[in-house]
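Data block below; observations after.
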Amino acid sequence: MDQAAILEQARAGEPAIIARLLNYKLHPLGVDAQVSWQDHCLCVALVGEGASPPQQTTVPIIERGLKKLQVPGLSTVAIAAYQQGQPQPHWRDHLSLASTALAIDLAAWLDSGTSLREAVVTLPPSGGVAALVPSTPPEVEQKYLCFQLGLENPALLPVESIQEILHMAIAHVLPVPDMPDAVLGIYNWRGEMLWVIDLNHLLNLGGLDLAALSTVTVIVLDVAGRTLGLMVQTVEEITSYLPSLLQPPTGLFSPDLEPYITGYLRETSSIVFNPVAIFNAPSLQQR
Numbered sequence: 003m004d005q006a007a008i009l010e011q012a013r014a015g016e017p018a019i020i021a022r023l024l025n026y027k028l029h030p031l032g033v034d035a036q037v038s039w040q041d042h043c044l045c046v047a048l049v050g051e052g053a054s055p056p057q058q059t060t061v062p063i064i065e066r067g068l069k070k071l072q073v074p075g076l077s078t079v080a081i082a083a084y085q086q087g088q089p090q091p092h093w094r095d096h097l098s099l100a101s102t103a104l105a106i107d108l109a110a111w112l113d114s115g116t117s118l119r120e121a122v123v124t125l126p127p128s129g130g131v132a133a134l135v136p137s138t139p140p141e142v143e144q145k146y147l148c149f150q151l152g153l154e155n156p157a158l159l160p161v162e163s164i165q166e167i168l169h170m171a172i173a174h175v176l177p178v179p180d181m182p183d184a185v186l187g188i189y190n191w192r193g194e195m196l197w198v199i200d201l202n203h204l205l206n207l208g209g210l211d212l213a214a215l216s217t218v219t220v221i222v223l224d225v226a227g228r229t230l231g232l233m234v235q236t237v238e239e240i241t242s243y244l245p246s247l248l249q250p251p252t253g254l255f256s257p258d259l260e261p262y263i264t265g266y267l268r269e270t271s272s273i274v275f276n277p278v279a280i281f282n283a284p285s286l287q288q289r
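For the sequence shown, the working numbering begins at 3 and goes up steadily by one.
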């Protein structure tokens, strides 16, 4: 069964499939989950190998996993933990999934090819109509996708400029002769021609060793209706920061790298890259 079908059945509330997804994270802890429905409550029985499953570790895993799945009608989860061979539970817990401030299903997005802008959903703030309205609108956090380049610092790109993340076989990228060294070639993306570049090479950080790779990770940028695929080392998570925390890059980076940087986040040592500057890189203008 492919990943899209697994996710579809899990969101339909199939207990065996939900258990399969939870066990992907729980089995390395020596814990097995069995899932069943009782009325509208999802019951999760945890069995530890030799010891009772650790509550502080397993409950957050279950909560995060079920919030990501967003099973329709699921609002209550009952968890009971057993030591192997013991009939009585060692501990019980209940979860309420009725509300969440931010729903980000990055794993499902990566696997299903869903647009990132559709996968990040900010729900209305709590407080209702009686909440006081501040005289000055609060600063809104900017969401960024964190990924790795040939630098010690984490790299960030604003979410609104990202259309999708692809995991593709390098053999599916068609080389094009007489192109700059940073250009790998073109890829058939949803019936359209997507140019794929090695972002490390473009930024003079040393290209990736393609001979050692069978698959690559590509971030699909979308700026003003134009698309470009950026091959990177790894994609990690979505993070949020206030724009006021960005420090200007002037004098912090090499003259070759600085034009591509929007700012620097000192608290996390992260570099925020400018999607427009990447599109307009002088070495790409002949493609």
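From the three backbone atoms N, C-alpha and C, an ideal C-beta is built for every residue, glycine too.
In the DSSP assignment, find the unbroken alpha helix (DSSP H) run with residue i in it and report its ends.
i: Glu65; result: Gln57 to Leu71
i: Leu24; result: Pro17 to Leu28
i: Pro277; result: Pro277 to Phe281
i: His96; result: That residue, His96, is in no alpha helix (DSSP H); its beta strand (DSSP E) goes Trp93 to Ser98.
i: Leu204; result: Leu201 to Leu204
Please report the straight-line C-alpha distance between residue i and residue j, rounded to a whole angstrom.
i: Pro245; j: Gln150; result: 21 Å
i: Pro261; j: Ala279; result: 7 Å
i: Glu154; j: Leu207; result: 11 Å
i: Ile19; j: Thr252; result: 51 Å
i: Leu286; j: Pro182; result: 7 Å
i: Phe275; j: Gln249; result: 12 Å
i: Val73; j: Ile8; result: 13 Å
i: Arg192; j: Asp224; result: 14 Å
i: Ala12; j: Leu159; result: 31 Å
i: Leu168; j: Leu267; result: 27 Å
i: Glu166; j: Val178; result: 23 Å
i: Thr229; j: Ile63; result: 36 Å
i: Pro277; j: Leu31; result: 40 Å
i: Val175; j: Ile188; result: 6 Å
i: Glu194; j: Gln90; result: 58 Å
i: Gly152; j: Leu99; result: 39 Å
i: Asp211; j: Arg22; result: 35 Å
So if DSSP puts residue i in a beta bridge, which residue, or which two residues, is it bridged to?
i: Pro160; result: Tyr146
i: Glu166; result: Val222
i: Val198; result: Gly187 and Gly231
i: Gly265; result: Val274
i: Gly152; result: In the DSSP output, where bridge partners are listed per residue, Gly152 has none listed.
i: Leu9; result: In DSSP, Leu9 forms no bridge with anything.
i: Gln249; result: Tyr266
i: Leu176; result: Ile188
i: Ala14; result: In the DSSP output, where bridge partners are listed per residue, Ala14 has none listed.
i: Ala171; result: Thr217
Which stretch, first to last residue, makes up the beta strand (DSSP E) that contains residue i?
i: Gln85; result: Thr78 to Gln85
i: Ala35; result: Val33 to Gln40
i: Ser256; result: Taken as a continuous stretch (DSSP letters only), Ser256 belongs to no beta strand (DSSP E), as it is neither H nor E.
i: Val237; result: Thr236 to Tyr243
i: Ala213; result: Run containing Ala213: none; DSSP gives neither H nor E here.
i: Leu48; result: Cys43 to Gly50
Taking all protein chains shown into account, decide if residue i is buried (16 or more other Cβ within 10 angstroms of its Cβ) or exposed.
i: Val198; result: buried
i: Trp39; result: exposed
i: Ser77; result: exposed
i: Met233; result: buried
i: Ser216; result: exposed
i: Asp200; result: buried
i: Gly231; result: buried
i: Gly75; result: exposed
i: His2; result: Any answer about residue 2 is impossible in this case: the structure gives the chain only from 3 up to 289.
i: Ala83; result: buried
i: Thr60; result: buried
i: Val222; result: buried
i: Ser272; result: buried
i: Ser163; result: buried
i: Ala184; result: buried
(message) Any contact between the segment 25-35 and the segment 50-57? By contact I mean 3 or more CB pairs, one from each, below 8 Å.
(response) A contact exists between the segment 25-35 and the segment 50-57.
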